Structure formats: C-alpha cells, structure tokens
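Residue numbers (full-length UniProt numbering): 1 to 751. Each residue gets a CB set at the ideal place from its N, CA and C atoms; glycine is no exception. Remember, predicted model here, so these are calculated numbers, not experimental data.
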Amino acid sequence: MQEFFGLEVTGKVDTNTVEVMKKSRCGVTDVSRYGHFEGKPKWKQSVLTYRITDYTPQMSRSEVDATISKAFKLYSDVIPLDFKQINSGTADIMILFKAGHHGDFYPFDGPGQVLAHANSPGPEQGGDTHFDDDEKWTLSPQGINLLLVAAHEFGHALGLDHSKDRTALMYPNYQYVNTNGYKLPQDDRLGVQALYGVRASTPKPEPKPKPVPSVAPEPCKRDLVFDAATSIGGELFFFKNGYYWKKGYYSGLSRHKVNSMWPSIDSVDAAYELRNKGINFLFKGQQYWAVKGSTTLSGYPKPITDFGFPPYVKKIDAAVHVASTSQTLFFIDSNYWSYDESTGKMDRAFFKSIRRNIPGIGSRVDAAFENAGYLYFSDGARQTEYKITTYTSQMSRSDVDATIAKAFKLYSDVIPLDFKQIYSGTADIMILFKARYHGDFNAFDGPGHVLAHAYPPGPEWGGDAHFDEDEQWTLSKKGINLLLVAAHEFGHSLGLHHSNDRTALMYPEYQYVNTNDYKLPQDDRLGVQALYGVRTSKSVPKPEPTPSPRPDFNACSRNLVFDAATKIKGELYFFKRGYYWKKGYNSGISSLLKINSLWPTIDSVDAAYEFEDKDIAYLFKGEKYWAVRGSKVLPGYPKPISKLGFPSYVKEIDAAVYVASIGRTLFFVGNKYWSFNVRAARMDRGFPKIIQRNIPNIGSNVDAAFENDGYLYFTSGAQQKEYDFSSKHVTRVLMNNEWMKCYPSKVKPKK
1 MQEFFGLEVT
11 GKVDTNTVEV
21 MKKSRCGVTD
31 VSRYGHFEGK
41 PKWKQSVLTY
51 RITDYTPQMS
61 RSEVDATISK
71 AFKLYSDVIP
81 LDFKQINSGT
91 ADIMILFKAG
101 HHGDFYPFDG
111 PGQVLAHANS
121 PGPEQGGDTH
131 FDDDEKWTLS
141 PQGINLLLVA
151 AHEFGHALGL
161 DHSKDRTALM
171 YPNYQYVNTN
181 GYKLPQDDRL
191 GVQALYGVRA
201 STPKPEPKPK
211 PVPSVAPEPC
221 KRDLVFDAAT
231 SIGGELFFFK
241 NGYYWKKGYY
251 SGLSRHKVNS
261 MWPSIDSVDA
271 AYELRNKGIN
281 FLFKGQQYWA
291 VKGSTTLSGY
301 PKPITDFGFP
311 PYVKKIDAAV
321 HVASTSQTLF
331 FIDSNYWSYD
341 ESTGKMDRAF
351 FKSIRRNIPG
361 IGSRVDAAFE
371 NAGYLYFSDG
381 ARQTEYKITT
391 YTSQMSRSDV
401 DATIAKAFKL
411 YSDVIPLDFK
421 QIYSGTADIM
431 ILFKARYHGD
441 FNAFDGPGHV
451 LAHAYPPGPE
461 WGGDAHFDED
471 EQWTLSKKGI
481 NLLLVAAHEF
491 GHSLGLHHSN
501 DRTALMYPEY
511 QYVNTNDYKL
521 PQDDRLGVQA
531 LYGVRTSKSV
541 PKPEPTPSPR
551 PDFNACSRNL
561 VFDAATKIKG
571 ELYFFKRGYY
581 WKKGYNSGIS
591 SLLKINSLWP
601 TIDSVDAAYE
611 FEDKDIAYLF
621 KGEKYWAVRG
631 SKVLPGYPKP
641 ISKLGFPSYV
651 KEIDAAVYVA
661 SIGRTLFFVG
671 NKYWSFNVRA
681 ARMDRGFPKI
691 IQRNIPNIGS
701 NVDAAFENDG
711 YLYFTSGAQQ
721 KEYDFSSKHV
731 TRVLMNNEWM
741 KCYPSKVKPK
751 K
C-alpha cells in the first residue's frame with residue numbers, strides 16, 4: 001500500500017499511512033498504473049444490461065437513473081460497448097445502494113472510507129456494483145459525487161483495476177473534480193480500450209429494442225414465467241411475450257396473439273379485473289387501457305401517473321384487485337402500492353416492502369390474479385431446486401440424497417411442482433445438517449426436543465431446511481427417521497403450517513409411522529394442493545437419474561464449496577466432485593482435471609492431508625483411504641478408516657489436516673474432530689471433541705482443511721478461516737474462490 005501511494009516504505013502503519021487510510025476510497029484492492037484484473041476478464045457481448053434494484057433515498061430515482069446512465073456513457077463514448085437499463089429480471093450488471101451487510105460477505109463500514117465496490121466481469125455476481133447508502137450521495141462537490149464514484153466502479157465492472165496515476169478516474173482514493181463536460185481521463189481511456197478496442201468515430205445508433213419473439217411461447221415448459229395474469233368474464237388469461245392463453249372452466253386452454261383480441265395492445269405487463277363493473281385494466285410500460293371483453297374503451301391509453309404513480313415508475317410488474325377491501329395492489333420490483341378504487345386515490349404510506357407486509361409470497365411478483373376467492377402470486381417458474389450443503393455423518397451421502405429426494409417426491413406426486421437437486425451455486429432450498437449454532441440465529445438444543453426447522457417460501461433463507469446433527473438420524477424406527485422429519489420440514493418450505501390433526505405429517509410432534517409405500521396424508525395433501533393446485537392424474541414419468549456433474553464448475557462463483565483440499569509436493573490441490581484444480585506457486589491455477597486421470601483407482605475425494613516428512617499424501621473416500629506419493633498409489637491400499645481407530649458409525653470424513661508443530665492429524669466429522677498421533681499411529685485419548693469448543697472461531701463444522709505457509713485453512717461452505725494454530729486465533733476470513741484469482745478482494749491468499 002505504501003509503495004502504491006508513493007509513501008516511504010516502512011512496513012509500519014505510520015502517520016502518513018494512517019492519513020491515506022482515512023481517506024474515502026473504493027473497496028477494491030490496489031494494483032498499479034492503468035491495470036486489468038488477472039486474466040484480463042472482459043465482457044463478450046456488445047450490449048450490456050444493467051438494473052438498479054435498490055435506490056438511495058438521498059436523490060430522486062430520475063436523478064440516480066440519469067447519473068448512472070451518464071457514468072456508463074463515459075465508457076460507451078470511447079469503446080464499442082453499449083449499455084441498456086432494464087427494470088426487471090437479471091441484468092449483466094446489478095446495482096444497489098445499501099448500508100452495512102448487504103449479502104456479498106463484504107459489508108460496508110459506515111460513512112467515509114469504503115464508498116462502493118464492484119466485481120470484475122464474469123458470471124453470477126460478475127460486474128455487480130454496490131454503493132454504501134451510509135454515504136451522502138450528491139451531484140455536487142458537497143458530500144460524495146455519485147457520477148465520479150459510479151464511473152470508477154463501472155471501470156472495475158468492465159475489467160479495470162486501480163491506477164497509480166493521481167489524475168485517473170481509477171485512482172483508488174475519492175477526489176472531487178468538476179463534472180461539467182467531464183470525459184474519461186487518458187489513463188482510463190487507454191486501459192479500457194486495451195480491453196475492448198476503440199469506438200469508431202461514426203455516431204453510434206441507439207440499441208434497438210428486442211423484438212417480440214415471433215415463436216409462440218410453450219405452455220408446458222418447466223421454466224415458464226408469466227408476464228401477467230387476470231380473469232376476464234370468468235375465464236383466466238395468462239400473458240406472455242405478446243401472446244395469451246385463455247383457460248375456461250369447460251373450454252380448456254387456447255392460445256392467441258394479444259393484438260388479435262385488442263388491436264391497439266401488443267403485449268401486457270400487468271392486468272387486473274374490476275368484476276363489479278365488468279372492466280379489466282391492462283398495463284404496458286407507462287400506459288394502461290380499460291377493456292370490456294374484446295372492446296377497448298374510448299379515451300385510452302392513459303398514463304399510469306393517473307393512478308398516482310411517480311414519474312420514475314416505468315413499468316408495473318403485476319396487479320390484482322382485492323374485492324373484500326376494494327383495493328388494488330400494484331407490484332413493482334420488491335415493493336407494492338395500494339390503490340383505493342372507491343376513492344380513486346393511492347392509499348397513504350405506500351409504497352411498502354412486499355416481503356415484510358405480505359409474508360410468504362416472496363420478495364417480488366411477476367403476475368397476480370384472483371380465482372375462486374384466492375389470490376395467486378407468481379414469481380418465476382415452478383421448478384424448485386434444492387442443495388444439500390452439509391451432510392450428516394451418521395448416514396452415507398447416497399442414503400441422504402435418496403431420502404431427501406423421496407421426501408420431496410411425496411409432494412411432487414400430488415402438486416404440479418418438481419424438485420431438482422443441484423450440487424453447486426445457490427438453490428431455492430438449501431439443506432444442511434449441523435449442531436447447535438449454525439448461522440441462522442435459531443441454534444439447536446442438543447439431542448431431543450427440536451429436531452429440525454425450515455423457513456417458509458421467500459428470498460434469502462426462504463425455504464431453507466436445517467437438521468440437528470446431534471440427533472440420531474436413521475432410516476428405521478430406531479433413532480429419528482429422516483424421511484418423516486424431512487417431509488415435515490419441506491412442508492414448511494412449501495408454505496404449510498402445523499396441523500392439529502394427529503394423523504397429519506404436519507402435526508408438530510415427531511411420531512414414527514411405517515414408511516414403506518408412505519404417501520402424503522389427506523390433511524397435508526389438501527393443504528399443499530390449496531396452495532399449488534392438483535397434479536394431473538396422468539402418470540408422472542420417473543425422474544431420470546441426475547448424471548454426474550460435468551467438469552463445468554464455476555471456479556469464480558462466490559458459492560464455490562470444496563470437497564477437500566491439501567498440499568502435495570508443494571502444490572495445492574482443491575477437490576470437487578471427482579475433479580481437482582492444482583495451484584502452483586509460480587504456475588497459477590490449472591484447468592479442471594479428473595481425479596482418476598492422476599490416480600486411476602480413486603474417483604472422488606472427501607478429505608485429504610499430506611505428511612510432508614515422508615512425502616506421502618492420504619486421500620479419503622467414504623470408509624476407505626489411500627496413501628499416494630505423487631501420482632503413484634502405494635501398494636496395500638485402499639485400507640478401511642477403522643485402521644486409524646475410527647468407530648464403525650463413522651461413514652465418511654469431512655476434512656483432515658496435518659499439524660506439524662504437534663505431530664497430529666486432525667480429522668473432522670460432523671461437528672466433532674479426532675486427533676491422530678502420526679508417530680504412535682493411534683488416536684489420542686479423549687476424542688472426539690466438539691470443534692466449536694476446542695478450536696474457537698472456525699465454526700461448527702469443516703468441509704475441507706489444508707496447511708499453507710505455516711497457516712491452517714478451514715473451509716465451511718464458500719467461506720474459509722485462516723488460522724494460526726500456535727496463538728489459537730483466526731487471522732483472516734477468505735472466500736474459497738480467492739485462491740482461483742477471479743474477483744477483486746480486500747485480501748489475497750498467502751503463497
């Protein structure tokens with residue numbers, strides 16, 4: 001840092017260094033004069049979309065929109081890349097204003113210092129840009145000028161790193177300059193043009209709007225998302241890409257073009273019905289129409305500002321009329337408005353957060369309608385993904401996978417909802433087995449009493465299901481039957497509450513019943529069908545077995561989870577589902593390689609550690625382990641892990657690491673760990689012990705562990721702790737993907 005800012009390099013936090021550290025700055029690490037991120041990541045497409053999901057209350061939305069657009073234009077003026085704002089869906093660059101913790105493991109620090117941060121180009125969070133809403137955002141020299149900070153962060157989003165040139169926009173410390181007629185400084189222009197090339201001098205045309213697809217949408221696709229839905233004259237209309245499906249009680253389903261019914265309307269964003277007047281309102285962008293059947297009433301379209309919407313509202317996502325209150329609810333992003341049809345005015349104190357005020361329906365709504373007295377809120381498609389992030393040590397992974405799939409199938413047999421297990425990234429329903437405190441402020445209480453818990457449908461933790469690893473999980477009537485508890489918890493994940501029917505699965509107290517050919521009891525079936533509808537009676541094809549994931553893991557995903565990690569002959573190996581990455585000190589990170597291409601008898605690795613004194617690494621899979629020297633498997637292997645002194649109930653080791661200073665290998669299983677004396681070749685007495693109590697601050701379980709440069713690294717989920725074993729304290733918190741040299745980070749792994 002001292003070298004970067006031209007200070008005397010003392011290696012100490014002296015007065016001059018402190019002064020620089022106090023200055024307002026960007027949250028991305030410092031590198032050099034115009035620079036690019038490692039590997040020079042950049043966008044491949046010529047038009048990038050961006051979306052502002054959360055605005056700052058310190059400026060009007062129109063001011064924020066205009067400023068963000070102006071910041072992007074600084075780049076589109078000099079490179080052949082155009083930027084287009086969208087108001088729904090997932091954009092290439094997602095933008096938000098939030099304070100403190102905001103969901104990406106890099107919380108803001110309050111007013112001053114870190115003002116914003118952005119990720120380099122890439123999938124998932126790549127390019128996403130976050131602004132600290134604790135700052136005073138302005139368009140002037142007072143406070144923090146949004147244009148200058150936004151333009152700086154978008155430089156990162158396009159692939160630029162920090163520059164040592166004090167006149168550059170990409171200089172890391174904030175410095176106000178007059179923004180009238182502001183152009184991209186030379187250092188930044190040369191840097192971004194080195195990535196994307198030079199914009200031709202001819203004036204660039206505005207990006208053409210995407211045409212309405214000429215191919216009619218398919219109603220049976222599992223990823224079907226409606227643009228809008230409403231009832232008209234007793235029939236349901238579902239709108240999608242300029243078409244609609246009409247569903248009558250007797251007439252079945254038919255598809256038509258929107259303008260074949262209403263010639264002046266080509267597509268519909270939102271719609272609702274005032275049944276007592278026989279009128280429907282259809283919305284598109286900032287206009288709306290009133291229709292009676294196929295007739296558009298005179299005087300339309302009208303602007304949506306007639307309802308009382310502010311001018312920054314460009315599009316309504318969904319609308320539904322609630323006859324019992326005479327209110328119409330309008331949904332826009334994560335908020336909603338309430339309009340009183342009897343007075344013709346918006347209710348006071350609106351807009352409000354959907355998630356906080358209409359619990360259980362999620363954080364946004366794509367389409368909404370009323371039918372038979374119920375309101376229906378649509379958000380995305382109807383296939384639900386789930387992921388098991390942490391398994392119980394008391395059953396094999398294959399048993400857990402099969403049982404969880406069977407529990408979900410109890411529901412998919414009776415409702416039109418399918419479930420798919422995924423092995424990386426963030427699923428709709430995240431599942432784990434952990435004891436005591438496990439990260440969600442609802443700590444478990446040890447064996448007995450609370451067995452598990454799950455959250456109702458919604459964003460973030462919505463739907464997630466957690467099982468107490470202190471319980472004795474089984475597939476029989478002994479201990480706690482996992483199928484029955486999992487099926488109960490997934491009922492909560494789907495929106496069911498407890499039932500007072502003692503024969504119901506959703507009865508709150510655990511009671512064993514024979515699970516052979518078990519079906520969902522009637523009370524539970526009726527409850528979940530009231531929410532999701534009834535699965536058609538035609539035979540449901542058996543789901544095809546999920547193929548082993550192909551070697552397309554995203555090493556740069558912030559959700560990257562390792563199966564195991566170890567050092568072998570001075571190089572780090574990171575294992576994941578039958579593959580590994582190899583990282584050398586000078587050679588960088590390798591491409592994804594198959595484990596059995598190096599060790600033909602080993603197809604995957606659960607845990608690994610190196611005994612450097614003998615130049616041997618030990619690899620564990622299930623109840624077996626191998627000793628390898630380089631690419632050679634030593635004779636006599638595999639051996640059972642019981643040879644090391646593990647009891648028979650240990651079916652799999654989560655992680656292992658050799659601690660040279662004490663001559664012990666630590667083995668992690670669930671929320672406990674064993675200590676193995678390598679010289680004496682036996683387990684130490686008094687083990688297993690609780691991880692959280694005896695190795696403080698690394699968490700309650702470990703997915704992978706390894707040693708590097710004198711530090712131990714313990715990973716749990718996508719995060720890892722750098723640990724100084726001698727002082728027994730955590731020195732840094734990292735993300736797994738920081739070893740992959742993908743995104744900017746405040747910290748860099750040691751060699």
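Proximity to phenylalanine 620 across Lys643, Lys614, Glu471 and Tyr50 peaks at Lys643, based on C-alpha coordinates.
Counting along the chain, tyrosine 573 sits inside no alpha helix (DSSP H); it lies in the beta strand (DSSP E) bounded by residues 571–576. If you look at phenylalanine 433, you'll find it in the beta strand (DSSP E) that goes 429–434. Proline 41 is classed as buried because its beta carbon has at least 16 other beta carbons within 10 Å across all chains shown. Taken through DSSP and simplified to helix, strand or coil, asparagine 694 comes out as helix. Only residues of its own chain outside the window of five on either side were considered, and among them Phe562, Ala564, Ala565, Ala655 and Thr715 have a CB closer than 6 Å to the CB of alanine 704, listed in chain order. Looking from the CA of leucine 531, the closest CA among Ala372, Asn514 and Phe687 belongs to Ala372.
The residue among Tyr374, Ser476, Asp333 and Leu160 with its C-alpha nearest the C-alpha of isoleucine 354 is Asp333.
Taking 8 Å as the cut-off, the Cβ atoms of methionine 170 and aspartate 128 do not count as close.
A straight line joining the alpha-carbon of glutamate 738 with that of histidine 321 spans about 49 Å.
Look at threonine 390 here: in three-state DSSP terms it is strand. Looking at the DSSP output, threonine 230 bridges to Phe237. Taking the C-beta atoms as reference points, aspartate 684 is found no nearer than 8 Å to asparagine 694.
Taking C-alpha positions only, leucine 598 is separated from tyrosine 711 by approximately 27 Å. Shown here, phenylalanine 307 sits in a helix according to DSSP, grouped into three states. Within the stretch 248–335, the complete alpha helix (DSSP H) segments of 4 residues or longer fall at 258–261, listed in chain order. Under the DSSP assignment, glycine 645 falls outside any beta strand (DSSP E); it carries neither an H nor an E label.
Between glycine 285 and methionine 346 a beta carbon distance of about 19 Å is seen, past the 8 Å cut, so the two are scored as non-contacting.
Note on geometry: alpha-carbon atoms of aspartate 65 and phenylalanine 72 lie some 11 Å from one another. The Cβ neighbour count for proline 416, taken over all protein chains shown within 10 Å, is under 16; the residue is labelled exposed. A contact is defined here as three or more CB-CB pairs under 8 Å, and the stretch 255–270 fails this definition with respect to the stretch 394–407. Collapsing the DSSP output to three states places lysine 409 in a helix. With a 10 Å radius around the Cβ and a threshold of 16 neighbouring Cβ atoms, threonine 392 comes out buried. Two segments are said to touch when three or more pairs of C-beta atoms, one from each, lie closer than 8 Å; by this definition the stretch 148–156 touches the stretch 114–127. Judged by DSSP secondary structure, lysine 70 falls within the alpha helix (DSSP H) whose first and last residues are 61–76.
A contact between stretches requires three or more CB pairs, one per stretch, nearer than 8 Å, and the stretch 482–489 meets this requirement with the stretch 513–525. Taken through DSSP and simplified to helix, strand or coil, phenylalanine 490 comes out as helix. For alanine 150, there is no enclosing beta strand (DSSP E); the enclosing alpha helix (DSSP H) has its first and last residue at 146–158. Boundaries of the alpha helix (DSSP H) harbouring asparagine 357: 354–357, taken from the DSSP string. Ranking Glu370, Asn335 and Leu666 by CA distance to the CA of glutamate 707 puts Leu666 first. Using a Cβ distance threshold of 8 Å, aspartate 366 and aspartate 317 count as a contacting pair. According to the DSSP assignment, valine 192 belongs to the alpha helix (DSSP H) that extends over 186–196. Short of 6 Å from the beta carbon of tyrosine 376, and not among the five residues preceding or following it, lie these beta carbons of its own chain, in chain order: Phe369.
In the three-state reduction of the DSSP assignment, aspartate 524 falls in the helix class, which pools H, G and I. Counting of Cβ neighbours within 10 angstroms places proline 217 among the buried residues, the total reaching 16 or more. In the pairwise beta carbon analysis, the stretch 78–87 is classified as touching the stretch 43–58: at least three pairs are separated by under 8 Å.
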